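J.: Below you will find the structure I want to go over with you.
There are 4 protein chains.
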Amino acid sequence: MIGKTTWAIPEGYIPEASNGPEPEMTSHETVCILNTTDQEAEANITIYFEDREPLGPFQTTVPSKRTKHIRYNELKDPGEIPKGEDFASVIQTNVPVVCQHTRLDSRQAENALLTTMAFPAD
Amino acid sequence: MIGKTTWAIPEGYIPEASNGPEPEMTSHETVCILNTTDQEAEANITIYFEDREPLGPFQTTVPSKRTKHIRYNELKDPGEIPKGEDFASVIQTNVPVVCQHTRLDSRQAENALLTTMAFPAD
Amino acid sequence: MIGKTTWAIPEGYIPEASNGPEPEMTSHETVCILNTTDQEAEANITIYFEDREPLGPFQTTVPSKRTKHIRYNELKDPGEIPKGEDFASVIQTNVPVVCQHTRLDSRQAENALLTTMAFPAD
Amino acid sequence: MIGKTTWAIPEGYIPEASNGPEPEMTSHETVCILNTTDQEAEANITIYFEDREPLGPFQTTVPSKRTKHIRYNELKDPGEIPKGEDFASVIQTNVPVVCQHTRLDSRQAENALLTTMAFPAD
């Protein structure tokens, strides 16, 4: 049973611009979820903003013994996350998973990367 | 109750130069605070230096169910954090929050990024 | 006894392209393992994908009081990890170690870097 | 009492080349130590390699309520850490501190950055 069922990522920002071939070099904000359990993981993602109510939950699943790398800029339901605006996120699951946060920023000609393990909240 | 009430970030440095459009591409050092509780969070930020007394606390608030991304280069009271100098910071709050450290460095033509979860101290 | 015996890294991606002199500037995905114990560490690395069964274990050893920085793009047995595809990894050892994840991405002319401590799962 | 007395950083690499003005843009590998206690911290840094005995301890101090950002490429006693070679490090102190790992890589024209909190081992 590797992981936790609640993870938090205070940093979030989808750059408005991109350089380079899509979708590989499209600026993106990603949460990588690893589910090593024998069960499918149901994940609920909630987005927090600076000046209005949270948006969500965005619902997704990660099959047993699989990983899913979710680009926040591709989420559509129950809404889109605005580009160029600060946000944060919380991921909640029904089985233990591990979550990692990554951004590729290609606003300028050469891409920049950042990553960190999310904060295990339970 | 997601998070802790004391967080530490040993790395801190506000680059003296920037390239690209302001304020988006201004070199900055940021702490992202996420408050998922039902209460407003009161946050006190203390800055530690290499060769003199700590500066602070800088006081701010993060509303209930909101995030705030605070650029250290915009803090003014009780003083400004000098650019081009190493520092560290400690964030203390009255309710549990989660803190993440991010820097955008645009001293050179292409920006570089770094991030890490802050260290949860309690 | 520094460390843990199970570590997880949800992010994984070996860029398909590289710029600059090999092997120094070849795009790579790395796990750095530190073994401070008095015993050789036997490590088993399992790779998780989005849409098929896990691959592994890849077996390696880290001598007592040594570090080993393992490039995932150089692993050959029991298979190669495909480039340009999302994956995740779990490292399991017989003695406590510490694991850190690093990527150098040289798809564009200037290299980008990311790192994070892996998630200690036990 | 913020922090721990033993920290591990499995990743370590001092690039052999640099671009840009020294020392600001010199490629460097850094450990940032924050001492929030009322006592001076005595720190011992040990370097681990892939194929030979550990080097150290490098001894330094961090005054009470101060931070120190130590560039591994400037350490001289009891030896220098070779450039262009993989290593790892362990930091041990007599009072609790917090340690963060940062690299600036300026081998190419535009600098890249990485950071992570070190692993708290006790």
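In the order they appear, the protein sequences are chains A, B, C and D. Numbered per the numbering used here, the first sequence finishes at 125, counting up by one with no gaps. Numbered per the numbering used here, the second sequence finishes at 125, counting up by one with no gaps. Numbered per the numbering used here, the third sequence finishes at 125, counting up by one with no gaps. Numbered per the numbering used here, the fourth sequence finishes at 125, counting up by one with no gaps. Every residue, glycine too, gets a C-beta built ideally from N, C-alpha and C. Computed from a predicted model, the values in this text were never measured in an experiment.
Can you tell me whether residue 56 of chain B is buried or exposed, with buried defined as 16 or more other CB within 10 angstroms of its CB?
T.: exposed
J.: Along chain G, which residues have their Cβ under 8 angstroms away from the Cβ of residue 117 of chain A?
T.: Protein chains in the displayed structure are A, B, C and D, and chain G is not among them.
J.: What number of angstroms, rounded off, separates the C-alpha of residue 99 of chain C from the C-alpha of residue 5 of chain C?
T.: 6 angstroms
J.: Can you look up residue 76 of chain A in the DSSP assignment and give me helix, strand or coil?
T.: helix
J.: Exposed or buried, residue 7 of chain C, counting other C-beta atoms within 10 Å across all chains shown (16 or more means buried)?
T.: buried
J.: Just the chain A side, please: which residues come within less than 8 angstroms of residue 52 of chain C by C-beta, in chain order?
T.: Those are 69, 70, listed as they occur along chain A.
J.: Mapping the DSSP letters down to three states, classify residue 15 of chain D as helix, strand or coil.
T.: coil
J.: Note down, in chain order, all residues in the segment 76 to 101 of chain C with a beta-carbon under 7 angstroms from any beta-carbon belonging to chain D.
T.: 101
J.: Just verifying my parser: in three-state terms, what is the DSSP assignment at residue 71 of chain A?
T.: strand
J.: According to DSSP, is residue 120 of chain B part of a helix, a strand, or is it coil?
T.: strand
J.: On the DSSP letters alone, give me the boundaries of the beta strand (DSSP E) that residue 85 of chain C sits inside.
T.: Annotation for residue 85 of chain C: no beta strand (DSSP E) segment contains it, and DSSP assigns it neither H nor E.
J.: Got a sec: is the Cβ-Cβ distance from residue 64 of chain B to anything in chain A below 8 angstroms?
T.: no
J.: So residue 15 of chain D contacts chain B; which residues on that side make the cut at Cβ distance below 8 angstroms?
T.: Per Cβ cutoff of 8 angstroms: no residues; residue 15 of chain D is ~16 angstroms from chain B at best.
J.: Check whether the segment 18 to 26 of chain D and the segment 70 to 78 of chain C touch, using three or more Cβ-Cβ pairs below 8 angstroms as the test.
T.: In the pairwise beta carbon analysis, the segment 18 to 26 of chain D is classified as not touching the segment 70 to 78 of chain C: fewer than three pairs are separated by under 8 angstroms.
J.: Please decide whether residue 59 of chain D counts as near chain B, where near means a Cβ-Cβ distance under 8 angstroms.
T.: Contact of residue 59 of chain D with chain B is not assigned, every C-beta pair being separated by 8 angstroms or more.
J.: So, does the segment 40 to 55 of chain A touch the segment 78 to 92 of chain A, judging by three or more C-beta pairs under 8 angstroms?
T.: yes
J.: Can you tell me which residues form a DSSP beta bridge with residue 108 of chain B?
T.: B:115
J.: Where does residue 24 of chain D fall in DSSP's three states?
T.: coil
J.: Is any beta-carbon of chain C found at less than 8 angstroms from that of residue 48 of chain A?
T.: no
J.: Using the Cα positions of residue 36 of chain B and residue 83 of chain C, report the straight-line distance between them to the nearest angstrom.
T.: 40 angstroms
J.: Using a Cβ cut-off of 8 angstroms (strictly closer), state whether residue 39 of chain B contacts chain A.
T.: yes
J.: Helix or strand or just coil, what does DSSP make of residue 43 of chain B?
T.: Coil, per DSSP.
J.: Does the beta-carbon distance from residue 105 of chain A to residue 118 of chain A come in below 8 angstroms?
T.: yes
J.: Using C-beta distances below 6 angstroms, list every residue in its chain close to residue 108 of chain C, excluding the 5 sequence neighbours before and after it, in chain order.
T.: 18, 30, 115
J.: Using a Cβ-Cβ cut-off of 8 angstroms, state whether residue 33 of chain C counts as contacting chain A.
T.: no
J.: What does DSSP give as the partner residues of residue 48 of chain B in its beta bridges?
T.: In DSSP, residue 48 of chain B forms a bridge with B:61, B:94.
J.: Is the distance from the Cβ of residue 66 of chain C to the Cβ of residue 43 of chain C below 8 angstroms?
T.: Judged by their CB atoms, residue 66 of chain C and residue 43 of chain C are nearer to each other than the 8 angstroms cut-off.
J.: Can you tell me the Cα-Cα spacing of residue 94 of chain C and residue 41 of chain D, whole angstroms?
T.: Distance between the alpha carbons of residue 94 of chain C and residue 41 of chain D is about 39 angstroms.
J.: If you measure between the beta carbons of residue 47 of chain C and residue 60 of chain C, is that distance less than 8 angstroms?
T.: Using a Cβ distance threshold of 8 angstroms, residue 47 of chain C and residue 60 of chain C count as a contacting pair.
J.: Just reading off the beta strand (DSSP E) that residue 29 of chain B is part of, what are its end residues?
T.: No beta strand (DSSP E) contains residue 29 of chain B, which DSSP labels as neither H nor E.
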